[in-house]
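Residue numbers (the UniProt record's numbering): 1 to 797. Virtual Cβ for every residue (Gly too), placed ideally from N, Cα, C. Remember, it's a predicted structure, so these values are computed and weren't measured experimentally.
Here you go:
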């Protein structure tokens, strides 16, 4: 196992020591102990910058389940490098922030940091995995760990609700994605992403190609909160603010973006990929920006803004995928600019949104509220937080001199390029992008000015506001500084981060040794993009000033079409109908349960054998049946039938015992004395226990059983007996494999045992026998515990 594998597994391994530190060193905040992990990982990945400027990405392989084509292969290229640095870098800053945000006296910090480390490791596993099945394992690990993080304050109903909603939506999408991966692996004959990309031309015409593409997109859309699956993200804001800053702005919600980017070399040349991703992205961009304005909770506002910004990145990836569709090199390079814009804005969004979430946490921490209606006039009281909000908020609005302006202009270039080189009606893309950007500008103004300007109303606040301690300001200051530095020196990351990531998404556009030309600058002259930006500022300011006059439009939206309402109604309806269905057959009668089970067995097992034409009877290999064997079989049948027609429990037990003793005679005839002895001992003990138990039961009452029930019982009994008799005969008549008995004949040479059966149980099946013993031991502990609990409760009474 390589150092790269260790880097992915380090957060998981480190979780073992977190509870020990929390318990043994209570005076020191656990965050200082956990901070080592993201720092080491960030340094490790940053050390690979020289590798990424070359042409050979780092690849490490480890055998996991080779028989199924599943290998724990890791691939560190430009795209995974970008995400790995975001995951570890933002993770490092979030942990510093959490040290001052999370109280070590009132919080279960060991749980908090264990969940956080598991999530960090799972995200690294996603972006570094080369095997689709391994990627899926880490994908679902992020769903589980994010569920735990969102529900960290599980005492709150809204936290539990948000965690459940996030889990249901993202895991459902994950299952769809798994089906897509299986289809893609079946079409390609491998689960390796690198190999699938290399054989794209061979699988593009496969019948599973389109279904696999749609299912993979579904998984990505649910994870990255794309319309209409966006509803889980605002409710996930019930998590502590460090979690919101990490999961829901910089990492988890970017997993779907990563998947789309990683799969672009496979599906990118198909027009369905372009249309679906672009349209879903543009709709999400518009809807998230439109809904953000009406929010009163600052975290809810940022949640919808995150939805909107993720839609922007998705739409750019969709447009950029056209670079793999066209045969014209110049046109391909134009469309590749959208990929550059997507990657650049992904980076920008991580830094300015992470900073803004931390500022919201500071406001909540220092004022006791996140409600915009209660805030205002905090400029003089919290000047540093205001400065950070200006930098992050105006960067999100796309204004200079902040890095968000650069990627926003590149976004406009991307949608205009799509309009100029596709059908004329694609003018709807830049129009929708411009309108969404107007609403983005409005909610950024709301966030900045409604919070810090206006009238200061201390009576509405739970605390007397003051500036946060310096430790809580470190992380947002670092991120805000990056926003400014990237604007003035954008090409610092052009060939170290952005170009290698582009090369990973569009590998077929370059010849060996070639690189994309990446030159980012703030001024491109007086062009259409600049005119759109000026229009955004003018229209956005007008809408902000006249908000009260047009805000009633939000109340005109019918509630029955609200997606949260539809989700709640669907969940309630599913629970109601499932309850009705369950109550229809879970009526408390053992007879009914056994009827369902045996009928299911008849239909499934018997039906499968019939469909597969697997029933086979070959009497040629049967041994000769002697007269005494016929007599013994008849005796067993008579004893079993005798049990059905007696009304005495004692007589029934004797009849059942007779069946067991007669079966032991069969073992004697077939020369299995050890089995015969075992059968005799077990039958004797169980008969005695039955008699002892039934002695204390009330007398058996005569029940009138309807003829219909008797007939159904008879049919089910005949059906089960017939199916399993035929299955047994078919198993005996067909021998597709070499009998394993020849191997066990060598038991003496292999294990030194003269008794073959004992050798099988003790040597060849030792692990299985040990587990059986563990099961019996566990059951015994359970029985003993129940008896002790019942006794202790009786003593208390």
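{"Query": "Can you list, in chain order, the residues of its chain with a C-beta nearer than 6 Å to that of residue 386? Leave out the 5 residues immediately preceding and following it.", "Result": "379, 452"}
{"Query": "For the beta strand (DSSP E) that residue 59 lies in, which residues bound it at each end?", "Result": "58-60"}
{"Query": "Is there contact between the stretch 410-421 and the stretch 480-494, where contact requires at least three CB pairs shorter than 8 Å?", "Result": "no"}
{"Query": "Could you check the C-alpha separation between residue 788 and residue 780 for me, to the nearest Å?", "Result": "12 Å"}
{"Query": "Can you say whether residue 463 is buried or exposed, counting buried as having 16 or more other CB atoms within 10 angstroms of its CB?", "Result": "exposed"}
{"Query": "Which residue from 296, 325, 349, 309 puts its Cα closest to that of residue 284?", "Result": "309"}
{"Query": "Report all residues from its chain with a CB closer than 8 Å to the CB of residue 797; omit the five preceding and five following residues, and keep chain order.", "Result": "Note on residue 797: pLDDT 43, under 50, position unreliable in the model; the coordinate value appears next. Cβ within range, chain order: n/a, list empty."}
{"Query": "Under the assumption that residue 374 contacts residue 306 (Cβ atoms under 8 Å), give the Cβ distance between them as a whole number of angstroms.", "Result": "That belief does not hold up - the Cβ atoms of residue 374 and residue 306 are roughly 23 Å apart, past 8 Å."}
{"Query": "Can you find the residues in the same chain that come closer than 7 Å, C-beta to C-beta, to residue 657, ignoring five residues on each side of it along the sequence?", "Result": "683, 687"}
{"Query": "Considering residue 64, what are the terminal residues of the beta strand (DSSP E) in which it resides?", "Result": "63-65"}
{"Query": "Kindly list the residues whose CB is nearer than 7 Å to the CB of residue 357, restricted to its own chain and excluding five residues on each side of it in sequence; keep chain order.", "Result": "241, 244, 245, 249, 302"}
{"Query": "Would you call the stretch 332-345 and the stretch 360-367 in contact, with 3 or more CB pairs under 8 Å?", "Result": "no"}
{"Query": "Given a cut-off of 9 Å on the beta-carbon distance, is the pair residue 837 and residue 99 in contact?", "Result": "This structure cannot speak to residue 837, because the chain is shown only from 1 to 797."}
{"Query": "Threshold first: 3 residues or longer. Then list the beta strand (DSSP E) segments lying entirely within the stretch 536-582, N to C.", "Result": "none"}
{"Query": "Any contact between the stretch 743-751 and the stretch 621-640? By contact I mean 3 or more CB pairs, one from each, below 8 Å.", "Result": "no"}
{"Query": "Expressed to the nearest angstrom, what Euclidean distance is found between the alpha-carbon atoms of residue 109 and residue 361?", "Result": "17 Å"}
{"Query": "Between the C-alpha atoms of residue 520 and residue 410, what's the straight-line distance to the nearest angstrom?", "Result": "9 Å"}
{"Query": "Taking all protein chains shown into account, do 16 or more other C-beta atoms lie within 10 angstroms of the C-beta of residue 773, making it buried, or fewer, making it exposed?", "Result": "exposed"}
{"Query": "When the cut-off is 9 Å and only beta carbons count, does residue 434 lie next to chain B?", "Result": "In the displayed structure, chain B is absent; only one protein chain is listed."}
{"Query": "How many Å lie between residue 311 and residue 202 at the Cα?", "Result": "31 Å"}
{"Query": "Buried or exposed: where does residue 553 fall if 16 or more other Cβ atoms within 10 Å of its Cβ makes it buried?", "Result": "exposed"}
{"Query": "Are the stretch 121-129 and the stretch 266-279 in contact at 8 Å, needing three or more beta carbon pairs?", "Result": "no"}
{"Query": "I need the DSSP call for residue 131, collapsed to helix, strand or coil.", "Result": "strand"}
{"Query": "Return the chain-ordered list of same chain residues with a C-beta closer than 7 Å to the C-beta of residue 407, the five sequence neighbours on each side being excluded.", "Result": "341, 344, 345, 348"}
{"Query": "With residue 220 and residue 179 assumed to form a contact (beta carbons below 8 Å), what rounded beta-carbon distance in angstroms separates them?", "Result": "Their Cβ separation, rounded to whole angstroms, is 14 Å, which puts residue 220 and residue 179 out of contact at 8 Å."}
{"Query": "Closest to residue 516 by CA distance: which of 332, 740, 742, 739 is it?", "Result": "332"}
{"Query": "Tell me where the beta strand (DSSP E) around residue 76 begins and ends.", "Result": "74-76"}
{"Query": "Kindly provide the ranges of any alpha helix (DSSP H) runs that are 4 or more residues long and lie completely inside the stretch 724-760, ordered along the chain.", "Result": "741-744, 747-751, 756-759"}
{"Query": "Should residue 170 go down as buried or exposed, given a rule of 16 or more other Cβ atoms within 10 Å for buried?", "Result": "buried"}
{"Query": "Could you check where the alpha helix (DSSP H) with residue 799 kicks off and where it finishes?", "Result": "Residue 799 lies beyond the residue range present for the chain, which begins at 1 and ends at 797; the question has no answer from this structure."}
{"Query": "Give me, in chain order, the residues of the same chain whose beta-carbon lies closer than 7 Å to that of residue 676; leave out the 5 immediate sequence neighbours on both sides.", "Result": "664, 667, 668"}
{"Query": "So does the stretch 437-449 actually touch the stretch 534-553, counting three or more Cβ pairs closer than 8 Å?", "Result": "yes"}
{"Query": "For the pair the stretch 83-94 and the stretch 33-42, tell me if three or more CB-CB distances fall below 8 Å.", "Result": "yes"}
{"Query": "In the DSSP assignment, the alpha helix (DSSP H) including residue 587 goes from what residue to what residue?", "Result": "Here residue 587 belongs to no alpha helix (DSSP H), and DSSP marks it neither H nor E."}
{"Query": "Does the Cβ of residue 226 have 16 or more other Cβ atoms within 10 Å, making it buried, or fewer, making it exposed?", "Result": "buried"}
{"Query": "For residue 66 and residue 5, I'd like the C-alpha separation in whole angstroms.", "Result": "17 Å"}
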